[in-house]
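The sequence shown runs 1 to 281 under my numbering. Where a beta carbon is used, it is the ideal one built from N, C-alpha and C, also for glycine. Worksheet for the structure shown next.
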Amino acid sequence: MQTIPSRKLSNGVEIPAIGFGCYKLADARITELMKNAVQAGYRHFDTASFYETEEGIGEAIRKIGIDRKELFLTSKIWKTEMADTEASFYASLKRLQTDYLDLYLIHWPRPDLSDPDWQEKDLETWHVMEKLYKKGDVRAIGVSNFLPQHLIPLMKNCEIAPMTDQLEIHPGYGQECAVAFAKEHGIQMEAWSPLSRGRATSHPLLQELADKYNRSVYQICLRYSVQQGIIPLPKSSSPDRMRLNLDVFDFEISEEDMYRLRTMPQAGWSGEHPDFETVTV
């Protein structure tokens, strides 16, 4: 079993440096997948109410019998739930069969692209999350899919700054501007779709570097995030792949090769952008 290093959030909470993404986990196999992930070494699990996997994850954790204190559980509030943030939060706790979360996020910054008052709605939700944090029901709070233009109005009016931000980040879609902003303001960046869901993994540069470092393309993608201080959240249904995805802490990509990855042409973008309608690519 792999031992995963951790990173420290701005409030001092330790978060594992790699997590397991729980989007679109097969309902019938959640317990099996969670058991395999725990056996591989994962302790950081990222879900959301929108994923509809919270209930299955909660049941899986109960069946596996792992101590809750060993786990780092993240969930997110969906766009349509922001009118009653507190109720949505406690509904997630109930489905996950836990009395606290390690991290709770606003899933998207603009619940309705046509709504000019989205900043106020983000702030209203955030103020409730601040209260939940102060109560101790959640150990850290953050956001997902927030770019600098979404973070700035929130940070100008909040009491507690976001501790994390989750964005689509992978070779070919590095989000360099947003990553730099997060680092400047002490926000821990996390990467969803760090393997581009396979869309960019056939790129010649990734194939070249996999051969050079005697690693898989997927390990190169994950090391790309880890080496920048970004927490990747890969998902896999294969126990072997789960273990390999954690085996990225014992090698280093050279400075030159990292610049090649960070400047490679856009590849593998999902088509999702918080300020525009989703584009199919």
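In the displayed model, Asp275 falls within coil according to three-state DSSP, outside both helix and strand. In the displayed model, Asp27 falls within a helix according to three-state DSSP. Of the residues Thr125, Leu132 and Leu167, the one whose Cα lies closest to the Cα of Leu147 is Leu167. Counting other Cβ atoms within 10 Å of its Cβ, Thr263 stays below 16 and is therefore classed as exposed. Linking Val38 to Pro116 through their CA atoms gives a straight-line distance of about 43 Å.
In the structure shown, Gly41 adopts coil according to DSSP, grouped into three states.
Shown here, Phe146 sits in coil according to DSSP, grouped into three states, outside any helix or strand. Going by DSSP, Asp250 is part of no beta strand (DSSP E) at all; its letter is neither H nor E.
Residues Met242 and Asn245 of the same chain have their beta carbon placed closer than 7 Å to that of Ser236, with the five preceding and five following residues left out of the count.
Ala191 is positioned such that its CB atom lies closer than 8 Å to that of Pro232.
With the rule of 3 Cβ pairs closer than 8 Å, the stretch 131–138 counts as touching the stretch 80–91. Look at Met189 here: in three-state DSSP terms it is strand. In the displayed model, Gln166 falls within a strand according to three-state DSSP. For Ser6, the enclosing beta strand (DSSP E) covers residues Ser6 to Lys8. One Cα belongs to Glu184, the other to Ala28, and the distance between them is close to 43 Å.
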